[in-house]
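**Student:** Be aware that the sequence shown starts at -10, since it is given in my numbering, and climbs by one per residue. All C-beta atoms in this analysis are idealised placements derived from N, C-alpha and C, irrespective of residue type, glycine included. Quantities reported herein were computed from a predicted structural model and do not represent experimental measurements.
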Amino acid sequence: MFDESEVRGATLNYFNGDELATNVFMTKYCLRDKKGNFMEKTPADMHRRMAKEFARIEAQFETDHTGPVAGNTYAHRAGPHLSEDEIYSFLKDFKYIVPQGSPMMGIGNNHVNVSLSNCVVVDNPQDSVSSIMDAGKDLANLFKRRCGAGVDISNLLTHDKIALTLKLREISYGEEYKAVITCDSCEFDNHITFNVSKLDTVFFPEEFEHPIPVTLPTIKKDILLKLPRVADEDYLLSTESLGSNLWRFITEIDGHSDPIIISKVVEKLPLKDIHTIINTLGQAKYGIQTKVKFECQKCASFTITELPITSDFFTVS
Ligand SMILES: [Zn+2]
């Protein structure tokens, strides 16, 4: 076990006074026990730990390589398998092999249960609540083991993306979320704690038809509308882009399904019919209700606002 100052001094020396490198090593890779005590003094100790673990596995394999491998300077081996010292010599001073972060932190580390892979891709969630929740659980478990994960959610309804985001936040950092919201009346900054697991959810009814049949009130024509998926989010960013992309969400208009005809019709639609389409696409009554109402601590007036999901949503609050 080493004191923090002892580790800092030795590691600074190892990196020739580079404070950034020293901080990164100390906060991310240096072995610690369950109580957070430093168990390594410099990256050399880390390389020794990894070499030891590699050698333990290596010893389980006998090979018939006994000399240099043609055309590969580094594949030379002196014995039936690589020894700890040989492996160490490749890692030492980050000379020949610079492992990724997860291996440096996790290999030979018996104090934590972490993934040794920096990044994985999990199955695309299907368009159902249970599949989405399963994906959320997979991701949270990976994050917990300091693994990055990629998941393709472009097929999900935007409603379900919100549900997935909130669930992830809940399992990874707890259900309480603190945010600062400015009062509409007096502009006072209110510090509010939300419970992300207690937001109301309105599920799409069993008999919900999709695409959604709608009769436009002014031109009295029937259309079919499909709800926006995550892949469509860019079209929803502003009123202008929604307006020029509205045709993408219409699968049929008065019996026509040709997108060229649809886009021509949409261009000439009266404003009232456009509003009907936009309101139907929003379907704000379904999904997790992210509109929250709060009373200002200063002036006691009520503000209704969207739950602010900002970059610090995925940090401990
Ligand atoms: Zn106020």
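Between the C-alpha atoms of R66 and Y77, what's the straight-line distance to the nearest angstrom?
**Tutor:** At R66 the pLDDT is 49, less than 50, meaning the model places this residue with poor confidence; the figure from the coordinates comes in the next sentence. Taking the straight line joining both Cα atoms gives about 13 Å.
**Student:** Let me check one thing: in DSSP terms, what residues is D211 bridge-paired to?
**Tutor:** Paired residue(s): T204.
**Student:** For E(-5), count the other beta carbons within 10 Å of its own beta carbon; 16 or more makes it buried, fewer makes it exposed. Which is it?
**Tutor:** When all chains shown are included, E(-5) counts as exposed.
**Student:** Can you tell me which residues fall inside 6 Å of ligand 1, judged by beta-carbon distance to its nearest heavy atom, and keep chain order?
**Tutor:** Matched residues: C172, S174, C175, F177, C285, K287, C288 and S290.
**Student:** Ends of the alpha helix (DSSP H) at K41?
**Tutor:** Taken as a continuous stretch (DSSP letters only), the alpha helix (DSSP H) holding K41 covers P32 to E47.
**Student:** Please list the terminal residues of the continuous alpha helix (DSSP H) segment that includes E29.
**Tutor:** Counting along the chain, E29 falls outside any alpha helix (DSSP H), and DSSP gives it neither H nor E.
**Student:** Please classify H100: does DSSP put it in a helix, a strand, or coil?
**Tutor:** DSSP places H100 in coil when its eight states are reduced to three.
**Student:** With a CB to CB cut of under 8 Å and the five nearest residues on each side skipped, what residues in its chain are close to F291?
**Tutor:** Excluding sequence neighbours, F291 sits near K282, F283, E284 and C285.
**Student:** As a quick exercise: from V13, G25, E8 and A10, pick the residue whose alpha carbon is nearest that of V(-8).
**Tutor:** Per the sequence shown, residue -8 should be read as Asp rather than Val. Here the closest residue by C-alpha is G25.
**Student:** Tell me which same chain residues have a C-beta within less than 7 Å of the C-beta of V254, skipping the five on either side of it?
**Tutor:** So the list reads I242, once near-sequence residues are dropped.
**Student:** Within a Cβ cutoff of 7 Å, which residues of the same chain sit near K98, ignoring the five residues on either side of it in sequence?
**Tutor:** According to the sequence displayed, residue 98 carries Asn and not Lys. Taken in chain order, the residues that qualify are L20.
**Student:** Mind listing, in chain order, the continuous beta strand (DSSP E) runs of no fewer than 3 residues lying wholly within the region 155 to 192?
**Tutor:** The qualifying runs are 165 to 171 and 178 to 184.
**Student:** Apart from the five residues on each side of it in sequence, which residues of its chain come closer than 6 Å, Cβ to Cβ, to A152?
**Tutor:** Only I277 meet the Cβ criterion.
**Student:** Excluding the 5 residues flanking R307 on each side, which residues of the same chain have their C-beta closer than 7 Å to its C-beta?
**Tutor:** One cannot answer for residue 307 here, as it falls past the ends of the chain, which runs -10 to 306.
**Student:** Which value, in whole angstroms, describes the spacing of the CA atoms of T154 and T269?
**Tutor:** Their backbone Cα atoms lie some 23 Å apart in a straight line.
**Student:** Quick one: Cα of R158 to Cα of E164, how far?
**Tutor:** R158 and E164: Cα-Cα distance of roughly 7 Å.
**Student:** What does the alpha-carbon distance come out to for the pair P114 and S120?
**Tutor:** C-alpha separation (whole angstroms): 5 Å.
**Student:** If we ignore side chains and look at the alpha-carbon of each, how far apart do T11 and Y3 end up?
**Tutor:** In a straight line, the C-alpha of T11 is about 9 Å away from that of Y3.
**Student:** Where do the N-terminal and C-terminal ends of the alpha helix (DSSP H) with V13 fall, by residue?
**Tutor:** First-last of the alpha helix (DSSP H) with V13: E8 to V13.
**Student:** For K41, which residues of its own chain have a beta-carbon under 7 Å away from its beta-carbon, when the five flanking residues on both sides are left out?
**Tutor:** E73 and G97.
**Student:** Could you check whether the Cβ of D123 sits closer than 7 Å to any heavy atom belonging to ligand 2?
**Tutor:** Ligand 2 is absent from the structure shown, which contains only ligand 1.
**Student:** Taking just the CA atoms, how far does H148 sit from K274?
**Tutor:** Cα to Cα, K274 sits roughly 10 Å from H148.
**Student:** For G125, does the count of other Cβ atoms within 10 angstroms reach 16, so buried, or fall short, so exposed?
**Tutor:** G125 comes out buried.
**Student:** Please check the pair I239 and L213, which I expect to be a contact at CB under 8 Å, by giving their CB distance rounded to whole angstroms.
**Tutor:** Right, the Cβ-Cβ distance comes to about 7 Å (below 8 Å), so this counts as a contact.
**Student:** Going by other Cβ atoms of all chains shown within 10 Å of its Cβ, with 16 needed for buried, is P92 buried or exposed?
**Tutor:** Flag for P92 reads buried.
**Student:** Let me check one thing: in DSSP terms, what residues is G276 bridge-paired to?
**Tutor:** DSSP lists V191 as partners of G276.
**Student:** Over what stretch of residues does the beta strand (DSSP E) that includes V109 continue unbroken?
**Tutor:** Taken as a continuous stretch (DSSP letters only), the beta strand (DSSP E) holding V109 covers C108 to V110.
**Student:** Excluding the 5 residues flanking P259 on each side, which residues of the same chain have their C-beta closer than 8 Å to its C-beta?
**Tutor:** Closer than 8 Å at Cβ, skipping near neighbours: T207 and I208.
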